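Asks: My questions all concern the structure below.
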Amino acid sequence: MDKRVILLVEDNPDDELLTVRALKANHILNPVAVAHDGVEALDYLFCEGTWASRDREALPAIVLLDLKLPRVNGLEVLKRLRSHEPTRLLPVVIMTSSKEEQDLLNAYGNGCNSYIRKPVDFEQFRETVKQLGLYWLVVNQPPPVVG
Numbered sequence: 101m102d103k104r105v106i107l108l109v110e111d112n113p114d115d116e117l118l119t120v121r122a123l124k125a126n127h128i129l130n131p132v133a134v135a136h137d138g139v140e141a142l143d144y145l146f147c148e149g150t151w152a153s154r155d156r157e158a159l160p161a162i163v164l165l166d167l168k169l170p171r172v173n174g175l176e177v178l179k180r181l182r183s184h185e186p187t188r189l190l191p192v193v194i195m196t197s198s199k200e201e202q203d204l205l206n207a208y209g210n211g212c213n214s215y216i217r218k219p220v221d222f223e224q225f226r227e228t229v230k231q232l233g234l235y236w237l238v239v240n241q242p243p244p245v246v247g
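Numbered according to my numbering, the sequence shown spans residues 101 to 247.
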């Protein structure tokens, strides 16, 4: 599998732990960088703040993005990613507990690649993460890095 970083943007520590555990349980061994709110996610992606020294060319393989985030919400993060050439094609999967149809429409309308509702049951969650990892990190052909 691709060893590029998976960027997990998640403010709930329990969901963060479950996601990391599910990745490991499914032998998805990519390093995972965690941003706990939208500002941290944008700092990581645009190499600002505490991430200023991160290699700008090393974009994550995928962004797993929650919608309901403090400081800057997930939809705004998605909009900012899509408005900048270097991150415009970056695969973004919304992982949320939201069942609101408007969230689904807004996410796709602003360029998410996939929208997943987090299952409550851990085994279902683990299977969802397994399928997500297999598709996005093994099967999917990512776009070339845009300079």
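Backbone N, C-alpha and C define an ideal beta-carbon position, used for all residues, glycine too.
Since the structure is predicted, the reported quantities are computational estimates derived from the model, not experimental observations.
Considering Cα atoms alone, identify which of PRO170, ASP221 and VAL163 is closest to ASN112.
Replies: PRO170
Asks: Grab the span of the beta strand (DSSP E) containing ALA135 for me, first residue to last.
Replies: Per DSSP, the continuous beta strand (DSSP E) segment holding ALA135 begins and ends at 132-135.
Asks: Using the three-state DSSP reduction, which class does SER183 fall into: helix, strand or coil?
Replies: Here SER183 carries a helix assignment [DSSP, helix/strand/coil].
Asks: Hey, quick one: how far does the beta strand (DSSP E) through TYR235 stretch, first residue to last?
Replies: Taken as a continuous stretch (DSSP letters only), TYR235 belongs to no beta strand (DSSP E), as it is neither H nor E.
Asks: Pick from ASP155, LEU129 and GLU116: whose alpha carbon is nearest that of HIS136?
Replies: GLU116
Asks: Using 8 angstroms as the threshold, is the C-beta distance between PHE222 and LEU118 below it?
Replies: yes
Asks: Rounding to the nearest angstrom, what Cα-Cα distance links ALA141 and LEU181 in this structure?
Replies: Whole-angstrom Cα-Cα distance: 10 angstroms.
Asks: Can you tell me whether GLY62 is buried or exposed? The criterion is at least 16 other CB atoms within 10 Å of its CB, across all chains shown.
Replies: What the structure shows of the chain is the stretch from 101 to 247, and residue 62 is not part of that stretch, so it cannot be assessed.
Asks: Does DSSP classify ARG217 as helix, strand or coil?
Replies: strand
Asks: State the Cα-Cα distance for the pair ILE128 and GLU201, rounded to the nearest angstrom.
Replies: 31 angstroms
Asks: Find the nearest neighbour of PRO131 within the set ALA161, ALA152 and ARG156, judged by alpha-carbon distance.
Replies: ALA161
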